[in-house]
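Everything on this sheet refers to the single structure shown next.
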Amino acid sequence: MLETYLKDLEEVVNIDCGSSTCAGVTRVAEIMKRHYDSIGFATELVDLGDKAGKGLFATNKPGAEKFDIMFNAHLDTVFPEGTVAERPFRVADGKVYGPGCADCKAGVIAIFHALKNARREDLDRLAIAVCYNPDEEVSSLSSREWLAGMARKCTRAIVSEPGRASGAFVRSRKGRSVWNVTFHGVAAHAGNNPQDGRSAVLAAAKFTIAATELQDLEGKGTSVTVGVIQGGTVCNTVPETCVIKIDTRRWNDEDGREIDEGIEALARQNWGDGITVEAVRLSVSPAMPCTDKAKELVEIINEAARLEGFDATWVDAGGGSDANRIAQVGTPVVDGIAPAGGCFHSEREYLRVDTIENRTRMLSRILTLL
Ligand SMILES: [Zn+2]
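Each residue of the sequence shown is one higher than the one before, counting from 367 in our numbering.
This is the structure:
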């Protein structure tokens, strides 16, 4: 199996398919379509608009209204055109290298091989939905509705982002919100009449401290990070404007609401005479908590791993993925269920060859245990 897996992986790694290289992403979707056609699945290239390549839907039960399981992975990478020519697929010292080899092509190919090698009776018994989306690396802007709609039809979901370098899977992910807060003050000459100025930078600095105090790193595990502060123009002027950008993270949506309301409340406070504040939440993404239903899935995967001779280990991750959007519609989901690797989004990205076979066989086993 390893040999054909690597051959299939090489084919899709050696195609430039950054999120905005739509033709490349579609090319990968077409290759995977051909693979699924070859094992008798019904397939459909999914048109998600002109800002993304095509997605792929494949199923063993065409026309099903409900699916027992959804397998998701993404077809795009973060790398620009020309990357493949610079550093194509290669295998050395037990690792695979090449753009997107782990994130997320390892998962794309692992799902296919798991289904190709699945037991006939499992395929007869279960309705399986495979959803490959083309734009995860740009927040699935074109595919998120399609994914959410598919997830609603599925009893459970497995997202095959790569496993962590340690081999661990992901059972929960933090949600996130991003804020832009703009402070307006009054400009004045720093030497002649500083008393007439109202410093937007000073207000933003005080606000930064207050906003940061909304976090509860130790207890609830929430964080509020003012990652950017931009204000003033020249050194000898009381600054008229300042903008801060805030990133917040939370393990559940309730804590998230609390933090977001806290930021809104701060924005309504008085930050100095002549200072006005404008707070805009740019985005919010839901948390992926490890619910009781998700725990059942974790247990099934633990058992499948054990049957393949290894112990599954799990992490709770601070970053988000499509799994957050699947969790949002109430479908139990776990993530990172694919061969393991590291250094994602960099030219040092690698995939651990020693995790390919047992993870892929584990994916087939999961079907048997459902
Ligand atoms: Zn990914």
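Cβ coordinates follow ideal geometry from the N, Cα and C atoms, glycine included.
Any heavy atom of ligand 1 closer than 8 Å to the Cβ of Pro-705?
Flag unset: Cβ of Pro-705 not near ligand 1.
Do Phe-437 and Cys-497 have their C-beta atoms within less than 9 Å of each other?
Yes, the Cβ-Cβ distance between Phe-437 and Cys-497 is below 9 Å.
May I ask you to verify whether the region 647-656 touches the region 583-595, counting CB pairs closer than 8 Å and requiring at least 3?
Counting Cβ pairs under 8 Å, fewer than three are found: no touch.
Just how far apart, CA to CA, sit Gly-628 and Ala-569?
In a straight line, the C-alpha of Gly-628 is about 17 Å away from that of Ala-569.
Trp-680 lies in the beta strand (DSSP E); which residues open and close that run?
From DSSP, the beta strand (DSSP E) with Trp-680 extends over 680-683.
Rounded to whole angstroms, how far is the Cβ of Thr-603 from the Cβ of Ala-556, which I believe are closer than 8 Å?
Between Ala-556 and Thr-603 the Cβ distance is about 6 Å, and since that is below 8 Å, they are a contact.
What is the rounded straight-line gap between the Cα of Lys-519 and the Cα of Ser-505?
So the alpha carbons of these two residues sit roughly 22 Å apart.
Roughly how many angstroms lie between the CA atoms of Arg-485 and Lys-586, to the nearest whole one?
The alpha-carbon atoms of Arg-485 and Lys-586 are separated by roughly 43 Å.
Can you tell me whether Glu-715 is buried or exposed? The criterion is at least 16 other CB atoms within 10 Å of its CB, across all chains shown.
Buried, because 16 or more other Cβ atoms sit within 10 Å of the Cβ of Glu-715.
Quick check: the Cα distance between Thr-578 and Thr-548, rounded to an integer number of angstroms?
Using only the alpha carbons, I get a separation of about 16 Å.
Which residue from Gly-529, Cys-467, Arg-615, Ser-532 puts its Cα closest to that of Tyr-371?
Considering only alpha carbons, the answer is Cys-467.
Counting only the same chain and skipping the five closest in sequence on each side, list residues whose C-beta sits under 7 Å from that of Val-450.
Contacts found: Asn-380, Ile-381, Asp-382, Pro-465.
Between which two residues does the beta strand (DSSP E) holding Thr-734 run?
Element bounds for Thr-734: not the beta strand (DSSP E) but the alpha helix (DSSP H), 722-735.
Please report the straight-line C-alpha distance between Thr-734 and Glu-410, rounded to a whole angstrom.
If you take the alpha carbons of Thr-734 and Glu-410, they lie about 26 Å apart.
Quick test of your reading: Leu-492 and Leu-736, contact by CB under 8 Å. State the CB separation rounded to the nearest angstrom.
Their Cβ separation, rounded to whole angstroms, is 6 Å, which keeps Leu-492 and Leu-736 in contact under 8 Å.
How long is the line joining the alpha carbons of Leu-422 and Asp-501, rounded to whole angstroms?
Distance between the alpha carbons of Leu-422 and Asp-501 is about 12 Å.
Considering only residues of the region 584-614, which uninterrupted beta strand (DSSP E) runs meet the minimum length of 3 residues and lie entirely inside it, listed in chain order?
Counting only runs of 3 or more, we get 589-597.
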